[in-house]
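Below is one structure, written out as structure tokens; the observations come after it.
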Amino acid sequence: DGGITQSPKYLFRKEGQNVTLSCEQNLNHDAMYWYRQDPGQGLRLIYYSQIVNDFQKGDIAEGYSVSREKKESFPLTVTSAQKNPTAFYLCASSTRSDIANPTYEQYFGPGTRLTVT
Amino acid sequence: AQKITQTQPGMFVQEKEAVTLDCTYDTSDQSYGLFWYKQPSSGEMIFLIYQGSYDEQNATEGRYSLNFQKARKSANLVISASQLGDSAMYFCAMRELRNTNAGKSTFGDGTTLTVKP
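Read top to bottom, the protein sequences are chains U and W.
Sequential numbering from 63 applies to the first sequence in this note's numbering.
Sequential numbering from 7 applies to the second sequence in this note's numbering.
This is how it looks when you write it as structure tokens:
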């Protein structure tokens, strides 16, 4: 079945440790995204990538890093520089959007709940 | 910078009645896409409906329709014949389509809808 997988579902880390969240998709999508969601809040864009080997900062990129070496994979590293990393992290993918191809919705993974103590 | 505003933190509706969830947006771009997503308590994100900035007709998908008023920069979601399973958080989102920011997405803070039996 095609879809997006995020692992693990729950992740616990000690303060000061870097942690990498996995996101894999087999939908053959060019574009991938990382969002952060705090309780009762909306989604905030961390990083996005429209194509392999290229990515752009979103609205809250500080303290995070990403790589896009393969089309299927877009891992997110939460570094120790992120002041408040405890949150729900959602990965998404879509067909690449531009003016010629505007309509493509994002497909979301099940999310990873990160708790840092 | 683009911004999405959802002014209703919570809404109640009686089963089988229609409900409108408000969404206003702010952008200087002429080309953009507007999306609505549903997030049940499980955390998954479900795509509901899309409206392009150049679409002249309001989008419809089953019980969902989008009341798009471009001059007022509003994209309200209308759910007809509400069902108990519609109880969830609903997010309005916008995606830029210009080359420099193509693919960048912004979400509102969401509206929690509760359907009463």
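We treat Cβ as the ideally placed atom computed from N, Cα and C, and that holds for glycine.
Exercise for the section: Take U/SER190 as the anchor and find which of U/THR148, U/GLN87, U/TRP96, U/LYS71 has the nearest alpha-carbon. Expected result: Summary: the structure shown does not reach residue 190 of chain U, with chain U confined to residues 63 through 179, and so no result is reported for it.
Exercise for the section: Express the C-alpha separation of W/GLU62 and U/THR177 in angstroms, rounding to a whole number. Expected result: U/THR177 and W/GLU62 have their C-alpha atoms spaced approximately 45 angstroms apart.
Handout entry: Contact under 7 angstroms by Cβ, U/CYS85 with U/GLN68
Key = Judged by their CB atoms, U/CYS85 and U/GLN68 are nearer to each other than the 7 angstroms cut-off.
Exercise for the section: Compare the beta carbon distance of W/GLY114 and W/GLN8 with 7 angstroms and say whether it is the shorter of the two. Expected result: No, the Cβ-Cβ distance between W/GLY114 and W/GLN8 is not below 7 angstroms.
Handout entry: Beta-bridge partners of U/ALA143, as assigned by DSSP
Key = None; U/ALA143 has no bridge partner.
Handout entry: Secondary structure of W/GLY91, DSSP reduced to three states
Key = In the structure shown, W/GLY91 falls within a helical segment according to DSSP collapsed to helix, strand and coil.
Handout entry: Any C-beta of chain W under 7 angstroms from that of U/ALA41
Key = Given that chain U is displayed from residue 63 to residue 179, the structure contains no residue 41 of chain U and the question cannot be resolved.
Exercise for the section: Return the CA-CA distance between W/ILE52 and U/SER155, expressed in angstroms with no decimal places. Expected result: So the two alpha carbons sit approximately 13 angstroms from each other.
Handout entry: Separation of W/GLU50 from U/PRO70, as counted between CA atoms
Key = Spanning the two alpha carbons is a distance of roughly 15 angstroms.
Handout entry: Whole-angstrom distance between U/ARG158 and W/ASN57, CA atom to CA atom
Key = Strictly speaking, residue 57 of chain W in this sequence is Gln, with Asn absent from that position. Distance between the alpha carbons of W/GLN57 and U/ARG158 is about 17 angstroms.
Problem - Rounded C-alpha distance that separates U/PRO172 from W/ASN73 - result: Rounded to whole angstroms, the gap between the alpha carbons of U/PRO172 and W/ASN73 is 29 angstroms.
Handout entry: W/VAL84 versus W/CYS98 - alpha carbon distance
Key = Counting only the Cα atoms, W/CYS98 lies some 12 angstroms from W/VAL84.
Problem - Distance CB(U/THR179)-CB(U/TYR151) smaller than 7 angstroms - result: Taking 7 angstroms as the Cβ cut-off, U/THR179 and U/TYR151 do not qualify as a contacting pair.
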